[in-house]
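Chemist: Residues in the sequence shown are numbered consecutively from 1, following the UniProt record's numbering. Glycine included, C-beta positions come from ideal geometry on N, C-alpha and C.
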Amino acid sequence: MRKSSLISAMKTSVAGKLPAGIQDRNVEFFAGESEVFALVQGKMLQQHEWPQWLIDAVLADMEIHPKAVECLVDADIVKESDMISQYVRCRYSALDNEADVIDGKLQQTEFVDCALRGTCPYEGRLCELLKAPFGTLTHREIEVLRLIPEGLLDKEIADRLGISPLTVGVYMKSLREKTGYKNKAELVRFAYQKNLI
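(1) Near I157, what residues of its chain come up, given a Cβ to Cβ distance below 7 Å and the 5 sequence neighbours on each side ignored?
(2) Assuming I142 and L130 form a contact by the criterion Cβ under 8 Å, report the distance between their Cβ atoms to the nearest whole angstrom.
(3) With DSSP collapsed to three states, give me the class of S57.
(4) Can you tell me which of L59, T179, Q108, D159 puts its alpha carbon nearest to the alpha carbon of T138?
(5) Give the single residue among I22, W53, H65, N97 whose Cα lies nearest to the Cα of Y87.
(6) Among A99, R189, T119, which has the Cα closest to the Cα of F30?
(7) For K67, which residues from the same chain have a beta carbon less than 7 Å from its beta carbon, with the 5 sequence-adjacent residues on both sides left out?
(8) For N183, count neighbouring Cβ atoms within 10 angstroms of its own Cβ and tell me buried if that reaches 16, exposed if not.
(9) Which residues share a DSSP beta bridge with T136?
(10) Report all residues from its chain with a CB closer than 7 Å to the CB of L187; omit the five preceding and five following residues, and keep chain order.
(11) If R89 and V36 are in contact, beta carbons under 8 Å, what's the gap, nearest whole angstrom?
(12) In chain order, which alpha helix (DSSP H) runs of at least 4 residues are fully inside the UniProt domain "HTH luxR-type" (130 to 195)?
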């Protein structure tokens with residue numbers, strides 16, 4: 001192997017995959033405590049710094065998802081900048097390796113791991129439910145899935161959640177059926193890919 005190609009291979013082997021917007025022209029959204037940010041061309045931008053084309057892209061996406069916008073209005077979020085912020089927070093703010101905006105167009109919504117999961121009246125309408133290849137995961141299935149990477153036995157998961165070990169077994173069976181994965185190692189990988197761990 002030539003020296004230049006070896007150096008190139010070495011650089012890419014340790015670089016890892018960075019979120020969109022750091023090294024490319026795509027955009028990745030993420031949320032802090034009280035604000036939504038966008039990674040745009042290597043810069044972390046607060047909402048008031050977003051370029052107009054990005055605001056227009058969000059507004060265009062809102063137009064084709066009127067049920068999500070109805071949820072915002074129902075929650076008394078009616079100021080345009082607040083609507084944009086909450087819309088992005090609920091639908092696109094999971095910091096991951098998948099671009100939220102490509103070529104000026106918002107991509108498929110993503111599962112955002114919100115503290116209100118299981119209690120929010122707009123869950124599944126404003127935000128995305130956690131979809132697996134063969135079904136949508138329930139709030140309780142997600143709770144079980146989060147505990148699998150800790151290496152807990154089903155009985156220990158049951159103790160943590162205050163449910164029966166048999167019920168954990170039912171959730172595990174359901175997780176395997178909905179994801180198509182056969183063992184806990186594959187479920188851990190699925191949880192990692194969905195930013196649950």
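Modeler: Let me spell this out:
(1) V144, L147, V168
(2) 6 Å
(3) According to the sequence shown, residue 57 is Ala rather than Ser. In this structure, A57 counts as helix in the three-state DSSP scheme.
(4) T179
(5) H65
(6) A99
(7) R125
(8) exposed
(9) K131
(10) L145, I148, L175, T179, Y181
(11) 5 Å
(12) 139 to 147, 154 to 161, 165 to 179, 184 to 193
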